[in-house]
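First comes the structure, then the notes that go with it.
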């Protein structure tokens, strides 16, 4: 569910597009690049004391809360700078830097989806947010999934983009082999390292972060099928057709959420699946013209008149 192995495989974290791959007019030219962040993003950040962390967050707009959780080695500005102004037109956007990422410094504990989920839940409690929609990209998608399982009262709807897996076997095997050999030095000169250095409270913590993310991925236990079936909130899974997650695993995930039925014969499920064509893991966040409109339609839609009762 992280960017690191995908970034290394693709040659130094540079997005690539093969000939014939479609482009979208509203796509950004590259990512991540905090230098192109709109002025409204990154200028009103605040901190909260959360489970030993000095946790950074930003709030934009007003309306129904939408919580944004970023990917590994990333932060609010690099993953969401172009999307926040769009969502903040009619939502209260709460964008959070997770442990060891962005403006939020690291502390002496491992990275885990359960802990990052609990940190997010505690921050929302302090902000008096009783329920919200959640959008998680990559690692952030795993955090959102854990919140839905262990803090379900907080979750209204979920969009999980690029983190659409619930078991380790969902990764492409070659990705895991690559990640096991990763070192902090391999990240030197990449946009991810530059982004980290631009705002991290302690730049010398980067090698520790690399090791923690390696452990997070290579020791990923995931969630059981029964836990996934137990998720009550509607979920939209968004993946690229050339993503870090195997498509057959995503489809299996979707079935567990109650999706993949013969919709002309049975009630439409509350959860949805979107596969972005010509899109790898890194390019996903540049497909703004696609996924923002899909996300808005999903979050704004009322529940189906009758939801499919069977989760497979």
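Numbering (the numbering used here), first residue to last: 220 to 531.
For each residue, glycine too, the CB sits at the ideal point set by N, CA and C.
Beta strand (DSSP E) containing residue 514: first to last residue?
What you label residue 514 is simply residue 295 of the chain shown in a count that begins at 1. Where residue 514 is concerned, there is no enclosing beta strand (DSSP E), although the alpha helix (DSSP H) it sits in stretches over 507-519.
Counting C-beta neighbours from all protein chains within 10 Å, is the total for residue 372 16 or more, i.e. buried, or is it exposed?
In the chain shown, the residue the question calls residue 372 occupies position 153. The residue in question, residue 372, is exposed, as its Cβ has fewer than 16 Cβ neighbours within 10 Å.
Residue 421: buried (16+ other C-beta within 10 angstroms of its C-beta) or exposed?
Translated into the one-based positions of the chain shown, residue 421 becomes position 202. By the neighbour-count rule (16 or more Cβ atoms within 10 Å), residue 421 is not buried but exposed.
Can you tell me which residues form a DSSP beta bridge with residue 284?
Taking the first residue of the chain shown as 1, we reach residue 284 at position 65. Note: residue 284 sits in a beta bridge opposite 311.
Grab me the residues of residue 270's own chain with a C-beta within less than 8 Å of its C-beta, minus the 5 sequence neighbours each way, in chain order.
Translated into the one-based positions of the chain shown, residue 270 becomes position 51. Only 334, 337, 338 and 341 meet the Cβ criterion.
Per DSSP, residue 455 forms a beta bridge with which residues?
The residue you call residue 455 lines up with position 236 of the chain shown. By DSSP's assignment, residue 455 forms a beta bridge with 378 and 491.
Rounded C-alpha distance that separates residue 418 from residue 346
As a working note, residue 418 is residue 199 in the chain shown. As a working note, residue 346 is residue 127 in the chain shown. One Cα belongs to residue 418, the other to residue 346, and the distance between them is close to 24 Å.
What number of angstroms, rounded off, separates the C-alpha of residue 403 from the C-alpha of residue 437?
Indexing the chain shown from 1 puts residue 403 at position 184. Indexing the chain shown from 1 puts residue 437 at position 218. Rounded to whole angstroms, the separation of the alpha carbons of residue 437 and residue 403 is 16 Å.
Please report how far the alpha carbon of residue 247 lies from the alpha carbon of residue 295, in whole angstroms.
For the purposes of this step, residue 247 is taken as residue 28 along the chain shown, with counting starting at 1. For the purposes of this step, residue 295 is taken as residue 76 along the chain shown, with counting starting at 1. The predicted position of residue 247 is uncertain, since its pLDDT is 36 and thus under 50; no value can be drawn from it.
Identify, in the order they occur along the chain, each residue of the same chain with its Cβ nearer than 7 Å to the Cβ of residue 359, setting aside the five sequence neighbours on each side.
Here residue 359 refers to the residue found at position 140 when the chain shown is read from its first residue. Around residue 359, the same chain offers 288, 289, 290 and 382 as residues with beta carbons nearer than 7 Å, after the five sequence neighbours per side are excluded.
Can you tell me whether residue 280 is buried or exposed, with buried defined as 16 or more other CB within 10 angstroms of its CB?
Position 61 of the chain shown, counted from the start, is the residue given in the question as residue 280. Label assigned to residue 280: buried.
Which word fits residue 328, buried or exposed, when buried means at least 16 other C-beta atoms lie within 10 angstroms of its C-beta?
Here residue 328 is taken as the residue at index 109 of the chain shown, counted from 1. Classification for residue 328: exposed.
For residue 279, list the residues DSSP reports as bridge partners.
Counting from one through the chain shown, the residue named residue 279 turns up at place 60. Residue 279 is bridged to 312.
Inter-stretch contact (C-beta, 8 Å, three-pair minimum) for the stretch 305-317 and the stretch 382-395
Contact between the stretch 305-317 and the stretch 382-395 is absent, with fewer than three C-beta pairs closer than 8 Å.
If we count the other Cβ atoms within 10 Å of its Cβ and call it buried at 16 or more, is residue 322 buried or exposed?
To locate residue 322, count along the chain shown from 1; it is residue 103. So residue 322 counts as buried.
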